[in-house]
Amino acid sequence: MAINDFLATIWSETLYKALDKEYVAVKNCNREFEGEIKTLGDRVKVLGIDPINVFTYTKNTDFSATLQTLDSNVRTMYIDQTKAFNFQIDDIDRAQQNPKLMKFAMQEAANALANQADAYVFSLHQSVANDRIITKTSVKSQNIIDILLELREKMLSDNVSASANSVLEVSPAVAAKIAKAKILQSTNNTAELDKGFVGSLLGFDIYVSNNIDSEIVSTKKYFKCFARTRRAIAFAEQINDVEAYRPEKRFADAVKGLHLYGAKIIYPNEVLILDINVAADA
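With our numbering as the guide, the letters of the sequence shown map in order to residues 6 to 287.
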């Protein structure tokens with residue numbers, strides 16, 4: 006059966022499943038929103054709620070506080086990112102190789118798209134306020150634990166619940182310092198299967214990613230690592246127009262597709278940037 010005989014929905018579902026397995030930054034985002042993505046420029050409504058007032062209750066006494074009227078906070082996230090792929094497999098190659106060749110190619114497409122989406126989420130460090138950035142220079146494995154404690158203390162002091170589902174996303178260089186400090190703890194089996202998961206510590210699930218952004222300052226490389234709750238950043242996506250076809254001037258099967266998405270920080274007080282430069286251990 007020719008590849009273009011398959012339904013586009015099947016290819017879309019295949020790509021979605023592969024993407025979910027490849028994500029690191031995206032999987033740690035809030036992805037449940039009102040709205041439907043159809044094209045570039047669409048808007049997604051991200052709903053929140055005002056903080057709840059708490060007051061002292063006295064038995065057999067009218068409430069001392071007035072009835073609180075809650076208003077939903079609606080933030081708008083724009084779908085402004087578009088990434089596409091378009092590849093072919095020659096009929097001769099398909100005949101001479103494993104029949105699962107196209108499946109492997111789709112997996113590679115998912116990996117490439119996931120890397121782009123993760124990098125975009127991590128680029129949001131540029132919109133984080135200066136007072137939410139903790140800068141550290143020449144960090145070694147001997148002092149990495151103190152820095153993680155500082156991160157955790159800052160989040161708690163900002164009224165982020167100690168039971169909040171929090172993550173720390175770091176570059177491979179920073180992850181190596183944490184691993185060398187021998188302070189990682191094991192966690193549940195589900196988390197261990199997540200791509201990029203390296204362990205847990207101080208209330209953080211720690212993930213490593215090559216897509217963490219970096220910057221050179223006075224010859225020193227600083228990685229823009231994220232400490233955040235899993236609801237702090239919103240992400241929405243749509244796989245659009247996945248098509249399998251036969252190129253007119255080729256004996257080949259081809260697939261093309263379009264990935265639309267957007268991301269936004271919706272709880273700024275639940276995001277910290279660890280702007281960190283690492284140095285060789287003594």
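Glycine included, each C-beta is placed from N, C-alpha and C at the ideal position.
The region 84 to 98 makes contact with the region 261 to 274: 3 or more CB pairs, one atom from each, lie closer than 8 Å.
DSSP, reduced to helix, strand and coil, places LYS187 outside both helices and strands of the structure shown, so it counts as coil.
For the set SER128, ASN135, ASP67 and THR234, the Cα lying nearest the Cα of LEU173 is the one of THR234. The DSSP assignment places complete beta strand (DSSP E) segments of no fewer than 3 residues inside the region 212 to 256 at 219 to 222, 225 to 234 and 238 to 250, in order along the chain. Boundaries of the alpha helix (DSSP H) harbouring PHE109: 106 to 127, taken from the DSSP string. The Cβ atoms of ASP199 and ILE94 do not sit closer than 7 Å to each other.
ALA124 is a Cβ neighbour of ASN216, given a cutoff of 7 Å. If you ignore the 5 residues before and after ALA239, its C-beta comes within less than 7 Å of the C-beta of CYS34, ASN35, PHE38, VAL51, MET82, ALA268, LYS269 and ILE271, all in its own chain and listed in chain order. Under the three-state reduction of DSSP, LEU52 is assigned to strand.
Residue range 138 to 144 is occupied by the beta strand (DSSP E) that includes SER143. Between LEU24 and ALA115, the CB-CB gap stays under 7 Å.
Between ILE188 and ILE139, the gap from beta carbon to beta carbon reaches 7 Å or more.
If the five residues before and after GLN112 are omitted, its C-beta is found closer than 6 Å to the C-beta atoms of ALA23, all from its own chain and listed in chain order. In the structure shown, the three-state DSSP call for SER168 is coil. Taking every protein chain shown into account, the CB of VAL59 has fewer than 16 other CB atoms within 10 angstroms, so this residue is exposed.
Spanning the alpha carbons of LYS182 and SER69 requires a straight line of approximately 53 Å.
Under the three-state reduction of DSSP, ASN91 is assigned to strand. Per the Cβ contact rule, the region 210 to 227 is not in contact with the region 245 to 257 (fewer than 3 Cβ pairs under 8 Å).
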